[in-house]
Each structure stands twice: as C-alpha cells, then as structure tokens.
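Going by the working numbering, the letters in the sequence shown line up with residues 139 to 339, in that order.
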Amino acid sequence: MVDSEQPEPESVSPASAGETPGFDRTIVMVGLMGAGKSAVGRRLAARLNMPFVDADTEIETAAGCTIAEIFERHGEAAFRDGERRVIARLLEGPPIVLATGGGAFMDDDTRALVARTGISVWLRADLDTLVRRTAKRNHRPLLRDGDPAETLKNLIAIRHPIYEQSDIVVESDDSPLDKTVDRVCKALDAYLARTSRNGNP
Ligand code: S3P
C-alpha cells in the first residue's frame, strides 16, 4: 500500500549524490498534501539513479525551523516567498527528482520555471485517499485548523485545474508504492517519446 506519510530519511543533496542522472531535466512531483510526492519521488529517484530532493526539507534547512514554525512566525506569504526561491535555486541546478509542497505549483513563476526547465508529474489522488493519508501526521499547518476533509475538498476544487497543466498525470491510489512508480516511469517514457517526436525538449 502507498504510505506516503511515514517519515523517511533526509533528502540527498544534489551536490553530494555523485550519481549519473538518468534524465537531463529535473522531474518535479506535483500534487496535494498526501498525494505521495515524497514517497513516490524518492523511489523514482532510486530507480532512475538520480538524486532526490524534498523542497519542504530544503526550505526548513534554509530557514532553520519547521514549516509550521515559518507559518506561525512569519505567515504563509513569507513561506511562499521562501518556497519560490528555494525551488528556483533547485531548478537551476543539476537534474534531480524534486518533491514540491502542495502549494508550490500554484505559483505562476514556479509553474513557468518548471515548464521551461523540468518535467512535471502530477500525482492525482482522490479526496478519501488524501484524507486518510494526511490523518497519519499532524505537521501540516493548513490542515491544523478546521475539518481537514473540508479543507482538502476545497483545495481539490482550487488546485486540481492548475495541477492539470502538468506534463504527466499519474493516479496515486492504494496500489503498492512500486506500482505507482511503475506508472510514473511508463508515463515518463511515453512523454519523452512524444516530445522528442515533436522536436520539443
Ligand atoms: C502545503 C503543503 C505542504 C507544505 C506546506 C503547504 C500546501 O507540503 O509545503 O505545509 O500548500 O499544500 P506537502 O504537500 O508535501 O504536504
């Protein structure tokens, strides 16, 4: 079963990974909280022999505190500024598999930069799945107040039409994690075949 909510080891820094990247563009995992961006992204990176980086972890390292603390101390707008800067820096670097926070792709500048430099993969999950997975941990500021199911439902309505602009869409359901990674690999192959035929990057 996909369990994206288990704490996992720290992300690998692109500079220290020392691996030969499997792709010449950064693969950007997109989707709502609980979609499995980090869990799937980490395994995808291992398969493709690419470094994995979690943008949220990078933001916390840069800020020296947790995302919840950034929200509390400085507000969401300050978090979004930091998120945009950190993701831009990562996209300028060598190719990696990059798990972004659920709000990152909603930013126009970030979305444009991803379109120019990366390949975006939306992990689409239904409301029940997102509610179940996110209920396992309590570290997300946006889900701390109010009814998480209601919040996620509203976020689906607002964000899914934007996530839809991703290069690739893959279902993230209750299949074993490796199955979801299989789907992403297959979709990436199809995307590359399609875009190289069309002469796009
Ligand atoms: C957010 C998602 C979180 C984190 C922050 C805001 C969002 O990341 O960036 O709490 O706006 O959806 P995950 O999607 O990895 O939980």
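Each residue gets a CB set at the ideal place from its N, CA and C atoms; glycine is no exception.
A distance below 7 Å between beta-carbons, with the five flanking residues on each side excluded, links residue 222 to the following residues of its chain, in chain order: 245, 247 and 248. Residue list for the ligand S3P: 171, 175, 194, 205, 239, 240, 241, 278, 279 and 280 (CB closer than 6 Å to any heavy atom, chain order). Assignment of residue 197 by DSSP, reduced to helix, strand and coil, places it in the helix class. In this structure, residue 234 sits away from residue 171, with a CB-CB distance that is not shorter than 8 Å.
Beta bridge pairing from DSSP links residue 228 with no other residue. When the Cα atoms are used, residue 251 and residue 243 turn out to be separated by approximately 10 Å. CA-CA distance, residue 211 to residue 263, rounds to 31 Å.
In the displayed model, residue 190 falls within a strand according to three-state DSSP. With respect to the 8 Å criterion, residue 179 and residue 310 are not classified as neighbours on the basis of their beta carbons. DSSP places residue 262 in the uninterrupted beta strand (DSSP E) bounded by 256–262.
Membership of residue 288 in any beta strand (DSSP E) is not indicated; the residue belongs instead to the alpha helix (DSSP H) covering 286–301.
Counting along the chain, residue 238 sits inside no alpha helix (DSSP H), nor does DSSP assign it H or E at all.
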